[in-house]
């Protein structure tokens, strides 16, 4: 009996320890545009573990494909700074054009494409050589950057021209221009490449674009009781890998829209911090973290329950966010 009791106790303790063990640890890096810092967040404790001083006006931010570095566009310094994720120190910089804002990489992590807001170009950078290898002329005030899952088409959105530019990555030539609503800020492909979504901040819509026909096939609109249409300004987009659900940051509406990505219908609105901007999923897609520029914090959304579960104070005017395993 004593042996059975001990065995039962041991089994119970093992089960309890397994249940109490933290989930997979991830690290989030948040660019604070006005504070000129990057906040490092541990997703086990949901706390800021370090604040890194960077250049002037950091915005676009991404992990390198191998996870060894975080790259951040410091617009007023006209460069991309490189942070070593082991030491959290700036170890290098990359040559962009004037006022880099958002950027994207190819799947291999060999080439970076940077939107330079002030000279209407996309800069092409060889990441292995740390060298600028070309420029692509686009519309006025380029911002949104994404690349197709097969790596063949680069998308840039130009805020003032109100277009999504389709660029052939082999020739670096524009092959199509798609007119969308006013001030397009962000673009994202569905993971199966069937659709391209483009958010228009002033237009208040997300355009659904057919990437083959280069045509707008539909638009997602938003209606929040008690808010003026002008206050609903879509910016960042996050889409689950299964292509079923999308989350859209609505700027000064202080909400994230949850959208059925198949029917393109809004399911619900989640109240977050003030001036919600950009977002990123944890790699397991259990959580979505969104930056709130005016309230200087990050909201944590439980993806399965579609509820905000946590708020994390970060630096001044958080803008971009990137998440990966440590």
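Numbering (this note's numbering), first residue to last: 275 to 600.
Think of the CB as a built atom: it goes at the ideal place given N, C-alpha and C, for glycine as much as any other residue.
These numbers come from a predicted model, not from an experiment.
Practice task
Measure the C-alpha to C-alpha separation of residue 316 and residue 338 and round it to an integer number of angstroms.
Solution key: Position 42 of the chain shown, counted from the first residue, corresponds to residue 316. Position 64 of the chain shown, counted from the first residue, corresponds to residue 338. When rounded, the distance between both Cα atoms is 18 Å.
Problem - Start-to-end residues for the beta strand (DSSP E) that takes in residue 324 - result: Position 50 of the chain shown holds residue 324. 321-327 is the span of the beta strand (DSSP E), which, as asked, contains residue 324.
Problem - Bridge partner(s) assigned by DSSP for residue 487 - result: One-based indexing of the chain shown puts residue 487 at position 213. Residue 487 pairs with nothing; no bridge assigned.
Exercise for the section: Specify, as a first and last residue, the run of the beta strand (DSSP E) that residue 331 falls within. Expected result: Taking the chain shown and counting its residues from 1, the one referred to as residue 331 is at position 57. Per DSSP, residue 331 belongs to no beta strand (DSSP E) and is neither H nor E.
Problem - Close beta carbons around residue 591, own chain, < 8 Å, minus the five adjacent residues each side - result: As a working note, residue 591 is residue 317 in the chain shown. Counting only residues of its own chain and dropping the five nearest sequence neighbours on each side, residue 591 has a CB closer than 8 Å to the CB of 306, 307, 308, 309, 567, 568, 570.
Handout entry: C-beta atoms of residue 319 and residue 303 nearer than 9 Å
Key = Residue mapping note: residue 319 aligns to position 45 of the chain shown, counting from 1. Residue mapping note: residue 303 aligns to position 29 of the chain shown, counting from 1. No. Outside cutoff.
Exercise for the section: Return yes when the Cβ of residue 530 is within less than 9 Å of the Cβ of residue 550, no when it is not. Expected result: As a position in the chain shown, residue 550 is number 276, starting the count at 1. As a position in the chain shown, residue 530 is number 256, starting the count at 1. Contact flag set, yes.
Practice task
Indicate whether residue 420 and residue 457 have their beta-carbon atoms separated by less than 9 Å.
Solution key: As a working mapping, residue 420 is identified with position 146 in the chain shown. As a working mapping, residue 457 is identified with position 183 in the chain shown. Taking the C-beta atoms as reference points, residue 457 is found no nearer than 9 Å to residue 420.
Problem - Of the listed residues 546, 326, 333, 357, nearest to residue 341 (C-alpha basis) - result: In the chain shown, counting from the first residue as 1, residue 341 sits at position 67. Of the listed residues, the one whose Cα sits closest to residue 341 is 357.
Practice task
On the DSSP bridge assignment, give the partners of residue 439 in chain order.
Solution key: Your numbering for residue 439 matches position 165 in the chain shown. Assignment of beta-bridge partners to residue 439 by DSSP yields 430, 451.
Handout entry: In DSSP terms, what residue 354 is bridged to
Key = Mapped onto the chain shown, residue 354 falls at position 80. Looking at the DSSP output, residue 354 shares a beta bridge with 347, 368.
Practice task
State the Cα-Cα distance for the pair residue 399 and residue 501, rounded to the nearest angstrom.
Solution key: For the purposes of this step, residue 399 is taken as residue 125 along the chain shown, with counting starting at 1. For the purposes of this step, residue 501 is taken as residue 227 along the chain shown, with counting starting at 1. The alpha-carbon atoms of residue 399 and residue 501 are separated by roughly 42 Å.
Handout entry: Start and end residues, beta strand (DSSP E) containing residue 465
Key = To locate residue 465, count along the chain shown from 1; it is residue 191. That residue, residue 465, is in no beta strand (DSSP E); it is neither H nor E in DSSP.
Problem - Selection from 432, 417, 413, 442 that minimises the alpha carbon distance to residue 424 - result: The residue labelled residue 424 in the question sits at position 150 within the chain shown. Of 432, 417, 413, 442, the residue nearest in Cα terms is 442.
Handout entry: Given residue 385 as reference, the closest of 351, 446, 411 once Cα atoms are compared
Key = Translated into positions along the chain shown, residue 385 becomes position 111. For residue 385, the nearest C-alpha among the options comes from 446.
Practice task
May I ask you to report which of helix, strand or coil DSSP gives residue 444?
Solution key: As a working note, residue 444 is residue 170 in the chain shown. Reduced to three states, the DSSP call for residue 444 is coil.
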